[in-house]
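Residue numbers (this note's numbering), protein chains in the order written: chain S, 1 to 278; chain D, 1 to 287.
C-beta atoms are modelled at their ideal positions from N, C-alpha and C, and glycine is treated no differently.
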């Protein structure tokens, strides 16, 4: 310790900037999140557990988490491939492809939701094709998975891309002169360098997917125990003005979010120590 | 060189042309299916009954009021966020104090909270059932199921956007220029307007763009706090949901197409900014 709370600075505007920052942070974020936690405390841990410990809630939480995990795994592989292709190769349409990666960030989730449903519903273009081979996509868990892949798509690609840009060719040349095949270089030299950034992107995509609502509810079908995601349960409880139950599920989800935020930070600390950058 | 081909030289740090082609093919196909196809689907569904039907559905009273509401919300939340972003970035990059890392974590918090949970938090804090909310309703100033609640939800969801763009840029630029201006006798506001603002304007614009796109498109949090009152608190995304659930496909997708165009314009502007002013936008701007 020993460090003073605040070090004097000749810069003006400390009071003003601190005032605006803390006031807005409190009104917009801290008080509302506090209200949720307070609701949980007043409701009592026993009651909280009773709400969460029901088959329908467990299956929704498990479904959200499991499908988000699979979607993030897909994005981990595909995002790393995208980052590599976009940085290393030159081909017609590369810039268009690069811009397209960001579309899931820019496109409103409700729009993505109805567009994916139109495509993958049995009477849609791709859904119709799939149905001919007896595969149902929309209104099943496969549909939810596709929506979650869509919303998480940019995270891994965008965290890995700057790292690929920074890889020095000399490292790969050294590996090649030592007799390593391209595949060995990839496996032993390149992928370990990309791993921390890729994992950060993976965790971000996972966190985003677990809480995702807008793009999923249209394609999900929302059948209890089968295709019902956790955020939808909160909405259902709120529509019945069942604030205690909504708060209980909200706290469960918030706990999962915090755990993942912690994981992201740990990964970043670990990678900074190991590689020197994220 | 062990490369079999006598006609082409391949550096040992390059992949074979075949591998290269396959990887590019997978990238193009994957993005085409995942991103391109939904994009085409929005416009195809909107124009299913021709341009006239699409435009006519946009002229509908509910659609117009949704567009007006969404524009109003963006016009309030984005400037609020810009003010917050500038203040927070100034505080974090121009002063040294304990707990700075914790403050940054708190600012980032909305990134990892589900939009639905964000909406729930606002309902619990400001809803008619809460202490504060009940009092505000009695004063004739309801927050939840009204415009202020939607603005609060939108600001919550987009909270870190502008601050996150400004902080790295302002760290990189340091305090020297501002300190020089101060020693020459310039006042605080004068320094901010003539030294800081020109340095951060592109990063600010970049953050505003992203913030605006998200603000106009937010669905989950707004769905919870708005009450979905047709013609009053139904924003564009909420109206899209209502129309879609009523099987008014052309109307739903026409409104969706408007938001999609906005997303495309945002992406275009973002790409131009990244290319023209790369040095003045945070190096780690990815996401």
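In angstroms, rounded to a whole number, what distance separates the CA positions of residue i and residue j?
{"i": "residue 204 of chain D", "j": "residue 82 of chain D", "result": "8 Å"}
{"i": "residue 68 of chain S", "j": "residue 113 of chain D", "result": "15 Å"}
{"i": "residue 281 of chain D", "j": "residue 265 of chain D", "result": "19 Å"}
{"i": "residue 195 of chain S", "j": "residue 65 of chain S", "result": "22 Å"}
{"i": "residue 173 of chain D", "j": "residue 196 of chain D", "result": "9 Å"}
{"i": "residue 213 of chain D", "j": "residue 256 of chain S", "result": "27 Å"}
{"i": "residue 163 of chain S", "j": "residue 146 of chain D", "result": "45 Å"}
{"i": "residue 88 of chain D", "j": "residue 19 of chain S", "result": "10 Å"}
{"i": "residue 68 of chain D", "j": "residue 76 of chain D", "result": "12 Å"}
{"i": "residue 110 of chain S", "j": "residue 215 of chain S", "result": "5 Å"}
{"i": "residue 288 of chain D", "j": "residue 98 of chain S", "result": "This structure leaves residue 288 of chain D out entirely; chain D is present only between 1 and 287."}
{"i": "residue 132 of chain D", "j": "residue 38 of chain S", "result": "14 Å"}
{"i": "residue 106 of chain S", "j": "residue 252 of chain S", "result": "28 Å"}
{"i": "residue 256 of chain D", "j": "residue 80 of chain D", "result": "26 Å"}
{"i": "residue 133 of chain S", "j": "residue 27 of chain D", "result": "25 Å"}
{"i": "residue 166 of chain D", "j": "residue 201 of chain D", "result": "9 Å"}
{"i": "residue 136 of chain D", "j": "residue 34 of chain S", "result": "19 Å"}
Kindly indicate the opening and closing residues of the alpha helix (DSSP H) around residue i.
{"i": "residue 180 of chain D", "result": "176 to 183"}
{"i": "residue 51 of chain D", "result": "50 to 58"}
{"i": "residue 21 of chain D", "result": "17 to 31"}
{"i": "residue 148 of chain D", "result": "147 to 157"}
{"i": "residue 275 of chain D", "result": "249 to 276"}
{"i": "residue 42 of chain S", "result": "31 to 43"}
{"i": "residue 154 of chain S", "result": "141 to 166"}
{"i": "residue 98 of chain S", "result": "94 to 100"}
{"i": "residue 237 of chain S", "result": "230 to 239"}
{"i": "residue 108 of chain D", "result": "100 to 108"}
{"i": "residue 321 of chain D", "result": "Since the first residue of chain D shown is 1 and the last is 287, residue 321 of chain D is not available in this structure."}
{"i": "residue 62 of chain S", "result": "55 to 88"}
{"i": "residue 202 of chain D", "result": "197 to 217"}
{"i": "residue 35 of chain D", "result": "It is not in any alpha helix (DSSP H) - residue 35 of chain D carries neither H nor E in the DSSP assignment."}
{"i": "residue 202 of chain S", "result": "191 to 211"}
{"i": "residue 24 of chain S", "result": "14 to 24"}
So with Cβ pairs under 8 Å, would you call residue i a contact of chain D?
{"i": "residue 11 of chain S", "result": "yes"}
{"i": "residue 70 of chain S", "result": "no"}
{"i": "residue 244 of chain S", "result": "no"}
{"i": "residue 91 of chain S", "result": "yes"}
{"i": "residue 21 of chain S", "result": "yes"}
{"i": "residue 168 of chain S", "result": "no"}
{"i": "residue 182 of chain S", "result": "yes"}
{"i": "residue 139 of chain S", "result": "no"}
{"i": "residue 150 of chain S", "result": "yes"}
{"i": "residue 33 of chain S", "result": "yes"}
{"i": "residue 257 of chain S", "result": "yes"}
If I measure Cβ to Cβ from residue i and keep anything under 7 Å in the same chain, skipping five residues before and after, which residues do I get?
{"i": "residue 131 of chain S", "result": "122"}
{"i": "residue 222 of chain S", "result": "228, 232"}
{"i": "residue 189 of chain S", "result": "171, 172, 175"}
{"i": "residue 59 of chain S", "result": "225"}
{"i": "residue 250 of chain S", "result": "36, 234"}
Cβ of residue i less than 8 Å from any chain S Cβ?
{"i": "residue 42 of chain D", "result": "yes"}
{"i": "residue 199 of chain D", "result": "no"}
{"i": "residue 227 of chain D", "result": "no"}
{"i": "residue 5 of chain D", "result": "For residue 5 of chain D, the predicted model reports a pLDDT of 48, less than 50, meaning its position is unreliable and no value from the coordinates is stated."}
{"i": "residue 280 of chain D", "result": "no"}
{"i": "residue 220 of chain D", "result": "yes"}
{"i": "residue 90 of chain D", "result": "yes"}
{"i": "residue 149 of chain D", "result": "no"}
{"i": "residue 13 of chain D", "result": "yes"}
{"i": "residue 18 of chain D", "result": "no"}
{"i": "residue 35 of chain D", "result": "yes"}
{"i": "residue 270 of chain D", "result": "yes"}
{"i": "residue 143 of chain D", "result": "no"}
{"i": "residue 284 of chain D", "result": "Here the model assigns residue 284 of chain D a pLDDT of 48, short of 50, so the residue's position is not dependable and the matter cannot be decided."}
{"i": "residue 241 of chain D", "result": "yes"}
{"i": "residue 205 of chain D", "result": "no"}
{"i": "residue 246 of chain D", "result": "no"}
For residue i, which residues of its own chain have a beta-carbon under 6 Å away from its beta-carbon, when the five flanking residues on both sides are left out?
{"i": "residue 111 of chain D", "result": "160"}
{"i": "residue 220 of chain D", "result": "115, 116"}
{"i": "residue 165 of chain S", "result": "87"}
Tell me whether residue i, by its Cβ, gets closer than 7 Å to a heavy atom of the ligand ATP.
{"i": "residue 236 of chain D", "result": "This structure lacks the ligand ATP; in fact it carries no ligand of any kind."}
Which residues in the same chain as residue i place their Cβ atom closer than 8 Å to its Cβ, once the five residues preceding and following it in sequence are excluded?
{"i": "residue 141 of chain S", "result": "63, 67, 226, 227"}
{"i": "residue 152 of chain D", "result": "122, 126, 143, 225"}
Chain D contacts made by the segment 35 to 51 of chain S, where a contact means CB separation under 7 Å: 35, 36, 39
Residues of the segment 56 to 86 of chain D whose Cβ lies closer than 7 Å to any Cβ of chain S, in chain order: 83, 84
Residues of the segment 201 to 225 of chain S with Cβ closer than 8 Å to any Cβ of chain C, in chain order: Annotation note: the requested chain C is absent from the structure, which comprises protein chains S and D.
Near-chain S residues of the segment 108 to 131 of chain D (beta-carbon distance less than 9 Å), N- to C-terminal order: 108, 109, 110, 111, 112, 113, 114, 115, 116, 117, 118, 119, 120, 121, 122, 123, 124, 125, 126, 127, 129, 130
Residues within the segment 108 to 129 of chain S neighbouring chain D, beta-carbon criterion of under 9 Å: 108, 109, 110, 111, 112, 113, 114, 115, 116, 117, 118, 119, 124, 125, 126
Chain S contacts made by the segment 161 to 190 of chain D, where a contact means CB separation under 9 Å: 163, 175, 178, 179, 182, 183, 187, 188, 189
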